[in-house]
Structures are given as structure tokens and as C-alpha cells.
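Participant: Take the sequence shown: its position 60, counting from 1, is numbered 44 in the working numbering, and each next residue is one higher. Note that beta-carbon positions come from the ideal geometry of N, C-alpha and C, so glycine has one too. Please read all numbers here as calculations on a predicted model, not as lab measurements.
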Amino acid sequence: AKLDFPFDFAAAGLLPVRIEITNLTPLTYTLDVAQIRLTRPDRERVAPLTPSAAAAPLATKTTPGASAIAAQLAARQLTSSPLAPGAQRTGYLFFPLAEYSCARVVLTDKESVEDEGVRVEF
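(1) Rounded to a whole number of angstroms, what is the C-alpha to C-alpha distance between L77 and P0?
(2) Which runs of the alpha helix (DSSP H), 4 residues or longer, sit entirely within the region 4 to 65?
(3) Indicate whether the contact test is met: 3 or more Cβ pairs, each with one atom in the region 77 to 93 and one in the region 28 to 35, closer than 8 Å.
(4) Name the residue from R60, G49 and V89 whose alpha carbon lies nearest to the alpha carbon of L(-13).
(5) Tell me which residue opens and which closes the beta strand (DSSP E) that G75 is part of.
(6) Does the distance from the CB of V90 to the CB of Q19 come in under 7 Å?
(7) Measure how close the beta-carbons of L22 and A87 come, nearest whole angstrom, since I'm counting them as under 8 Å.
(8) Just curious, the beta strand (DSSP E) that V104 is in, first and last residue?
(9) When the Cα atoms are used, what is the spatial distance from F(-11) to E28?
(10) Taking the alpha carbon of D26 as the point to measure from, which residue in D99, G101, Y84 and F(-7) has its own alpha carbon closest?
(11) Rounded to whole angstroms, what's the CA-CA distance from A71 to R2? Just pull it up for me.
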């Protein structure tokens, strides 16, 4: 994130997480970033912040206004979208700064409308 943004996220109490998803299956999935969660060691699941919510504490630490910062964050944010076979999506999500032990991503099979969860341990 230090290479992609001119902000001190840690000083603002934020954790930018760069996520890369590649669909290596023959199926098409739908990615809903609002369902992505990081889990703290106490098992509390934490949802990503919106760019506007993440921009508010950054605006107090930097010179641009919150709306300009939110636009910069939104431009690099991972977005909800279909994932065709072989498709790849990369982007950031922003979380409150904390210790996290794992992440959970839910993908929905576009044809069967069944959810499939992917858990990544840190």
C-alpha cells in the first residue's frame, strides 16, 4: 500500500489489504466484496470499510479533503464482479487496524447460485 497510496494508514488506524483472486475453475463465479471478512483472534469477523469511511480518519492526517481521498481509495478498491474461468481481480479493501488471523471470501457459482467459501489463514 505504501507504493500505491500517499497515506499513512497505520497512523489513521487503518489496514489496507491487497486482495488478488484468480478463478482457476471452469465455472463462473460472482464476487461480492461486501461478504469478505477478516477474523480477529477472538473470532470476531470484521467487514471492510467503505472508501468514505476509510477516508475520514485519513483526512485528519493529510492535506486533501475526505472526498478526494475517498475517490483515490475507490479507484483502487476491489469491486464486486463476475469471475469467468481464468479471470483475475486485484484490488484493496480497507479494515480497522487490528490483529487478524484469517480472511474469508464467499464466491457464488453463477449457474447453481451456490455459495463457496474460501478461507485464508495468516
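Facilitator: Let me lay it out:
(1) 6 Å
(2) 35 to 43 and 50 to 59
(3) Because the criterion of three Cβ pairs below 8 Å is met, the region 77 to 93 and the region 28 to 35 touch.
(4) For L(-13), the nearest C-alpha among the options comes from R60.
(5) Counting along the chain, the beta strand (DSSP E) containing G75 begins and ends at Q72 to P80.
(6) yes
(7) 5 Å
(8) Start and end: D99 to E105.
(9) Approximately 28 Å, taken between the alpha carbons.
(10) Y84
(11) 17 Å
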